[in-house]
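Residue numbers (my numbering): 82 to 194. What follows is a short report on a single structure.
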(Lines of atoms letter the chains of each structure in order from A; the text may use other names.)
(Lines give C-alpha, C1' and ligand atoms only; values in the text may rest on other atoms or scores of the structure.)
Protein backbone atom coordinates (compact mmCIF):
# COMPACT_ATOMS: atom_id res chain seq x y z
CA UNK A 82 0.00 0.00 0.00
CA UNK A 83 1.33 3.44 -0.74
CA UNK A 84 2.78 5.75 1.84
CA UNK A 85 0.34 8.06 3.53
CA UNK A 86 0.45 11.51 1.95
CA UNK A 87 -2.06 13.90 0.50
CA UNK A 88 -1.88 12.88 -3.15
CA UNK A 89 -2.14 9.18 -2.34
CA UNK A 90 -5.24 9.70 -0.25
CA UNK A 91 -6.94 11.72 -2.96
CA UNK A 92 -10.02 10.61 -4.83
CA UNK A 93 -7.81 9.07 -7.52
CA UNK A 94 -6.46 6.66 -4.94
CA UNK A 95 -9.55 5.86 -2.91
CA UNK A 96 -12.17 5.97 -5.66
CA UNK A 97 -10.27 4.92 -8.73
CA UNK A 98 -7.01 3.39 -9.69
CA UNK A 99 -5.74 2.72 -6.19
CA UNK A 100 -8.88 0.88 -5.15
CA UNK A 101 -8.75 -1.21 -8.33
CA UNK A 102 -5.09 -2.05 -7.78
CA UNK A 103 -5.61 -2.99 -4.13
CA UNK A 104 -8.54 -5.16 -5.18
CA UNK A 105 -6.38 -6.81 -7.86
CA UNK A 106 -3.64 -7.47 -5.30
CA UNK A 107 -6.12 -9.01 -2.86
CA UNK A 108 -7.59 -11.14 -5.65
CA UNK A 109 -4.09 -12.30 -6.65
CA UNK A 110 -3.35 -13.27 -3.05
CA UNK A 111 -6.55 -15.37 -3.11
CA UNK A 112 -5.74 -16.88 -6.50
CA UNK A 113 -8.83 -15.30 -8.08
CA UNK A 114 -7.25 -14.59 -11.47
CA UNK A 115 -10.55 -13.76 -13.18
CA UNK A 116 -11.08 -10.96 -10.66
CA UNK A 117 -7.49 -9.77 -11.19
CA UNK A 118 -8.18 -9.62 -14.91
CA UNK A 119 -11.41 -7.69 -14.36
CA UNK A 120 -9.58 -5.18 -12.15
CA UNK A 121 -6.92 -4.65 -14.80
CA UNK A 122 -9.60 -4.18 -17.46
CA UNK A 123 -11.19 -1.51 -15.26
CA UNK A 124 -7.78 0.06 -14.65
CA UNK A 125 -7.20 0.24 -18.40
CA UNK A 126 -10.47 2.14 -18.77
CA UNK A 127 -9.57 4.41 -15.84
CA UNK A 128 -6.17 5.24 -17.37
CA UNK A 129 -7.86 6.20 -20.64
CA UNK A 130 -9.51 9.17 -18.91
CA UNK A 131 -7.20 10.09 -16.02
CA UNK A 132 -3.69 11.26 -15.30
CA UNK A 133 -1.57 9.71 -12.55
CA UNK A 134 0.87 11.71 -10.46
CA UNK A 135 4.42 10.28 -10.22
CA UNK A 136 4.22 9.25 -6.55
CA UNK A 137 0.92 7.46 -7.19
CA UNK A 138 2.46 5.79 -10.24
CA UNK A 139 5.34 4.47 -8.09
CA UNK A 140 2.88 3.04 -5.57
CA UNK A 141 0.88 1.39 -8.36
CA UNK A 142 4.03 -0.09 -9.89
CA UNK A 143 5.04 -1.57 -6.53
CA UNK A 144 1.66 -3.27 -6.19
CA UNK A 145 1.78 -4.39 -9.83
CA UNK A 146 5.12 -6.04 -9.10
CA UNK A 147 3.58 -7.88 -6.13
CA UNK A 148 0.73 -9.06 -8.37
CA UNK A 149 3.19 -10.24 -11.03
CA UNK A 150 5.14 -12.13 -8.38
CA UNK A 151 1.94 -13.89 -7.26
CA UNK A 152 1.17 -14.73 -10.89
CA UNK A 153 4.65 -16.21 -11.41
CA UNK A 154 4.28 -18.35 -8.28
CA UNK A 155 0.87 -19.58 -9.48
CA UNK A 156 2.27 -20.36 -12.94
CA UNK A 157 5.14 -22.31 -11.42
CA UNK A 158 2.73 -24.30 -9.24
CA UNK A 159 0.50 -25.08 -12.22
CA UNK A 160 3.50 -26.10 -14.30
CA UNK A 161 4.63 -28.46 -11.54
CA UNK A 162 1.15 -29.97 -11.31
CA UNK A 163 1.17 -30.58 -15.07
CA UNK A 164 4.61 -32.20 -14.85
CA UNK A 165 3.41 -34.40 -11.97
CA UNK A 166 0.23 -35.36 -13.85
CA UNK A 167 2.24 -36.28 -16.94
CA UNK A 168 4.61 -38.39 -14.84
CA UNK A 169 1.66 -40.18 -13.20
CA UNK A 170 0.07 -40.74 -16.61
CA UNK A 171 3.32 -42.23 -17.90
CA UNK A 172 3.57 -44.52 -14.87
CA UNK A 173 -0.02 -45.73 -15.33
CA UNK A 174 0.52 -46.22 -19.05
CA UNK A 175 3.67 -48.23 -18.36
CA UNK A 176 1.89 -50.25 -15.67
CA UNK A 177 -1.07 -51.10 -17.90
CA UNK A 178 1.21 -51.84 -20.82
CA UNK A 179 3.10 -54.31 -18.63
CA UNK A 180 0.04 -56.13 -17.27
CA UNK A 181 -1.81 -56.09 -20.59
CA UNK A 182 1.17 -57.02 -22.76
CA UNK A 183 0.60 -53.85 -24.73
CA UNK A 184 -2.91 -54.86 -25.84
CA UNK A 185 -5.96 -52.66 -25.22
CA UNK A 186 -7.79 -53.39 -21.98
CA UNK A 187 -10.90 -54.69 -23.76
CA UNK A 188 -8.95 -57.55 -25.33
CA UNK A 189 -8.28 -59.03 -21.90
CA UNK A 190 -11.91 -59.21 -20.85
CA UNK A 191 -13.50 -62.64 -20.85
CA UNK A 192 -16.39 -62.34 -23.30
CA UNK A 193 -18.32 -65.51 -22.59
CA UNK A 194 -21.80 -65.64 -24.00
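By construction, the Cβ of each residue, glycine as well, lies at the ideal position given by its N, Cα and C atoms.
- Take the alpha-carbon of residue 145 and the one of residue 161: they are about 24 angstroms apart.
- Contact annotation: residue 101 and residue 124 have beta-carbon atoms nearer than 8 angstroms.
- Rounded to the nearest whole angstrom, the CA to CA distance from residue 174 to residue 114 is 33 angstroms.
- Going by beta carbons, residue 127 and residue 99 fall outside the 8 angstroms limit.
- Excluding sequence positions up to five before and after residue 159, its CB lies less than 8 angstroms from no other CB in the same chain.
- 110 is the residue among 121, 110 and 166 whose C-alpha sits nearest the C-alpha of residue 153.
- One Cα belongs to residue 155, the other to residue 135, and the distance between them is close to 30 angstroms.
- Residue 103 holds the alpha-carbon nearest to the alpha-carbon of residue 119 among 132, 138, 163 and 103.
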